[in-house]
Amino acid sequence: MQYKSLIISNLAETYYQTYRKSDPTEAEKLIQSDILESDRAVFYANNSKILITSLPLNHEFLEDVRRILSYEIINLYPHKYSESICKDILDDKTLLNQIQKIIRENPDIEIIPYYATSEFFELLTILKQNKLQFTTPETISPKNRFIRDHYNCKVGFRELWERATDKDSFVKIPPGFIVNDLKEALDAAWWFYQKNTNFVFKYNRGTSGFGIVPYNISNLPNNEIEFKKYLTEKHNDKMWFEENFVVEEFIETNTSVYDRSPSIEFKINGDLKHQYNCLQRLREDNYFEGIIISKKIENYFNFDINRVVDSCKRFGEALIEQGYRGNFDIDLIIDKKHNVYAVESNLRRTGGTHIFETATHLFGKNFQNKISVFSRDNLPVKKEINNYSVFKEKISHLLFSKEKGEGVIPSIVSFLAIGTIGYMILAKDLNRLEMIEKELFSVLTDPHE
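The sequence shown begins at 1 in UniProt numbering and counts up one residue at a time.
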């Protein structure tokens, strides 16, 4: 059997240093959550892959993925795990030898991480020193790592967006400031307050809602000294003292899920390719929960999505000029007057990349003309649903089948250890998606919690 991809699911490795700049207890919870979330990498890339995760995937879940998607998958994992899976691989000589053997037997195999971390580059260096032949189609060259790191943050995004677009761009960024330190941030915040404008603090390396702190001015002291004292007390984690960050106007959005926060994903590998449009599913506190992909949903938009894509392409073209390679998205918000604002870009795989790849695998490149897709990463479930077998029994009638052409595909089953589940749903239209998800909720969730 020839394998095309070697996937390294290094989500926790990507963010553990960021998390540890906040409350220590909360940081460790987030790291462990990211380790569990590595399940979703089973859907990365093509249908013939070696998947390396920190913990072994549930065997029954893996067999179901093989059956539903006709995947050929081998799951490998280190004998001891930490927040850094690439370091764990290098420390586990048996696993490292397995990987090297796989690469020798599958020349030009593509190695794909969630994100090309420093530890991932160290692993690549060892593999190259052993004269192994492989490709890294989603990884920027080492000489351009600075470009990726510089623009894969809130400050770098604002900087490159302003350089790539002009004042007449259909998509703009919210009015705001790149601040040097907390003192300057407090001055910026007071400036917004005096303009009667809500604002948001954005930690430079925040992710999925982490490090995003919005403020409604009606809830803040009206005395400058008390105002700044209040904000200082709210921002005492070390993340606010180590590097520049952003203070910008908080854009009030519609509450409707169908036009609140679109996202557009692209891929650069020589040229710029528009992958898909989606809507983000966000909690009330703006933490990411999943996506919706549907051509029909664009009928709900009160803006021209094609003009939005064209504006975002200018950002992508600027990335190409700087030497970037790999996936990236641009997250957007729509204000109550239907103006479109770009708020961040993630220069990596996203929470939607594997959803797009799965739908493409099942229904082809033009799947958006045939089906719609929901995903959700962390649905709370009843306490008795504490393992995959129980979960599967409860929703067996809703599971995806090729014959029906619709249904639920579980995507993050390790989350059952902490009382939640990740899934995607594929169906012919939005109405059918909503019906399936409603039934899923009725089976899995406790209405009293």
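Cβ atoms here follow ideal geometry from the backbone N, Cα and C, with glycine treated the same way.
Run through DSSP, which three-state label would residue 424 get?
-> Here residue 424 sits in strand by DSSP.
Grab me the residues of residue 24's own chain with a C-beta within less than 6 Å of its C-beta, minus the 5 sequence neighbours each way, in chain order.
-> Spatial neighbours of residue 24 in its own chain (CB-CB distance under 6 Å, excluding positions within 5 residues in sequence) are not present.
Other residues of its chain near residue 390: CB distance less than 8 Å, five sequence neighbours each side excluded | Contacts found: 384.
How would you label residue 417, buried or exposed, when you count the other beta carbons within 10 angstroms and need 16 or more for buried?
-> Exposed, because fewer than 16 other Cβ atoms sit within 10 Å of the Cβ of residue 417.
So, helix, strand or coil for residue 406, using DSSP?
-> Taken through DSSP and simplified to helix, strand or coil, residue 406 comes out as strand.
Going by alpha carbons, who is nearest to residue 299 out of 189, 279, 34 and 349?
-> Ranking 189, 279, 34 and 349 by Cα distance to residue 299 puts 279 first.
Residues that residue 401 bridges to, as DSSP identifies them = Beta-bridge pairing links residue 401 to 406.
Taking all protein chains shown into account, do 16 or more other C-beta atoms lie within 10 angstroms of the C-beta of residue 163, making it buried, or fewer, making it exposed?
-> It is exposed - the Cβ of residue 163 has fewer than 16 other Cβ atoms within 10 Å.
Classify residue 361 as helix, strand or coil using the three-state DSSP reduction.
-> When DSSP states are grouped into helix, strand and coil, residue 361 belongs to the helix group.
Terminal residues of the continuous alpha helix (DSSP H) containing residue 98?
-> Note, residue 98: alpha helix (DSSP H), 93-105.
Any idea what DSSP makes of residue 33, helix, strand or coil?
-> In the structure shown, residue 33 sits in a helix (DSSP, three-state: H, G or I).
In the DSSP assignment, find the unbroken alpha helix (DSSP H) run with residue 15 in it and report its ends.
-> Note, residue 15: alpha helix (DSSP H), 11-19.
Would you call the CB atoms of residue 85 and residue 5 closer than 8 Å?
-> In this structure, residue 5 does not lie closer than 8 Å to residue 85 by Cβ.
Between the beta-carbon of residue 182 and the beta-carbon of residue 250, is there less than 8 Å?
-> No, Cβ-Cβ distance for residue 182 and residue 250 is not below 8 Å.
C-alpha gap between residue 291 and residue 221, whole angstroms = C-alpha separation (whole angstroms): 37 Å.
Ranges of the beta strand (DSSP E) found wholly within the stretch 265-317, counting only runs of at least 3 | Runs found: 272-282 and 288-293.
Any idea if residue 424 is buried or exposed, counting beta-carbon neighbours within 10 angstroms, 16 or more meaning buried?
-> It counts as buried.
Ordered along the chain, which non-local residues of its own chain (more than five positions away) have a Cβ less than 7 Å from that of residue 20?
-> Within the same chain, and ignoring the five residues on either side of residue 20 in sequence, the residues whose Cβ sits closer than 7 Å to its Cβ are 27.
Grouping DSSP H, G and I as helix and E and B as strand, with all else coil, what is residue 331?
-> Judged by DSSP in its simplified three-state form, residue 331 adopts strand.
Do you know offhand how far residue 442's Cα is from residue 422's?
-> Near 16 Å, if we compare the C-alpha coordinates of residue 422 and residue 442.
Integer Cβ distance of residue 100 from residue 127, believed to fall under 8 Å | Right, their Cβ atoms sit about 7 Å apart.
Does DSSP put residue 377 in a helix, in a strand, or in coil?
-> DSSP places residue 377 in strand when its eight states are reduced to three.
For residue 27, the three-state DSSP class (helix, strand or coil) | Secondary structure of residue 27 (DSSP, three-state): helix.
Cut-off 6 Å between Cβ atoms - residues of its own chain near residue 382, not counting five sequence neighbours on either side | Same-chain partners within the cutoff: 446.
Quick one: measure Cβ to Cβ for residue 317 and residue 272, integer angstroms, because I've assumed they're closer than 8 Å.
-> Taking C-beta atoms under 8 Å as the contact rule, residue 317 and residue 272 qualify, at a distance of about 6 Å.
How about residue 188 and residue 114: do their beta carbons lie closer than 8 Å?
-> The Cβ atoms of residue 188 and residue 114 do not sit closer than 8 Å to each other.
Measuring CA to CA, which of 314, 367, 369 and 254 is closest to residue 336?
-> If you compare the alpha carbons of 314, 367, 369 and 254 with that of residue 336, the shortest gap goes to 254.
DSSP on residue 75, reduced to helix/strand/coil?
-> Strand.
Between the C-alpha atoms of residue 75 and residue 402, what's the straight-line distance to the nearest angstrom?
-> In this structure, the alpha-carbon of residue 75 lies about 24 Å from that of residue 402.
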